[in-house]
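*Asks:*
In the working numbering, the protein residues as written are 303 to 395.
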């Protein structure tokens with residue numbers, strides 16, 4: 303990225319998401335979908351959100367799935383624990 307703010311627009315997609323109509327996963331007929339598109343969001347702590355959007359007639363649908371990268375998650379937990387120990391030691395000093 304060219305600047306630290308370039309990713310903000312991409313990340314804000316999920317924060318401003320509104321769910322008007324919700325259907326059970328697998329309830330739609332994907333064979334009728336036009337031009338499916340996908341996006342993958344990965345957070346600093348290992349959360350991965352996959353989104354697949356598609357148009358069916360006048361309707362716009364998005365399916366979401368979430369997974370966790372255990373290596374990144376564990377590294378983040380370790381980093382937070384180490385910082386907590388440092389903060390505690392500094393407060394005690």
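Glycine included, every Cβ here is placed at the ideal spot set by N, Cα and C.
Hey, would you say residue 362 sits closer than 8 Å to residue 355, going by beta carbons?
*Replies:* Locating residue 362 in the chain shown gives position 60, where the first residue counts as 1. Locating residue 355 in the chain shown gives position 53, where the first residue counts as 1. Going by C-beta atoms, residue 362 is nearer than 8 Å to residue 355.
*Asks:* Smallest Cα separation from residue 420: which of 348, 353 and 393?
*Replies:* Outside the shown range of the chain, which is 303 to 395, sits residue 420, and nothing can be said about it.
*Asks:* Helix, strand or coil: which one does DSSP assign to residue 262?
*Replies:* Here the chain comprises residues numbered 303 to 395, so residue 262 is not present and cannot be evaluated.
*Asks:* Looking at the structure shown, is residue 377 part of a helix, part of a strand, or coil, going by DSSP?
*Replies:* Reading the chain shown from its first residue, position 75 is the one you call residue 377. Correct three-state label for residue 377: helix.
*Asks:* If we call anything under 8 Å between Cβ atoms a contact, is residue 340 one with residue 327?
*Replies:* In the chain shown, residue 340 corresponds to position 38, counting from 1. In the chain shown, residue 327 corresponds to position 25, counting from 1. Against a cut-off of 8 Å, the Cβ pair of residue 327 and residue 340 comes out as no contact.
*Asks:* How far does the beta strand (DSSP E) with residue 355 in it extend, from its first residue to its last?
*Replies:* Residue mapping note: residue 355 aligns to position 53 of the chain shown, counting from 1. That run of the beta strand (DSSP E) goes 349 to 358.
*Asks:* If distances are taken between C-alpha atoms only, which option among 385, 343, 373 and 374 comes closest to residue 317?
*Replies:* Within the chain shown, residue 317 is the residue found at index 15, counting from 1. Of the candidates 385, 343, 373 and 374, the one whose C-alpha sits nearest the C-alpha of residue 317 is 343.
*Asks:* Rounded to the nearest angstrom, what separates residue 377 and residue 320 at their Cα positions?
*Replies:* Here residue 377 is taken as the residue at index 75 of the chain shown, counted from 1. Here residue 320 is taken as the residue at index 18 of the chain shown, counted from 1. Looking at the two C-alpha atoms, the distance is approximately 32 Å.
*Asks:* Reducing DSSP to helix, strand and coil, say where residue 316 ends up.
*Replies:* Along the chain shown, one-based indexing puts residue 316 at 14. It is helical.
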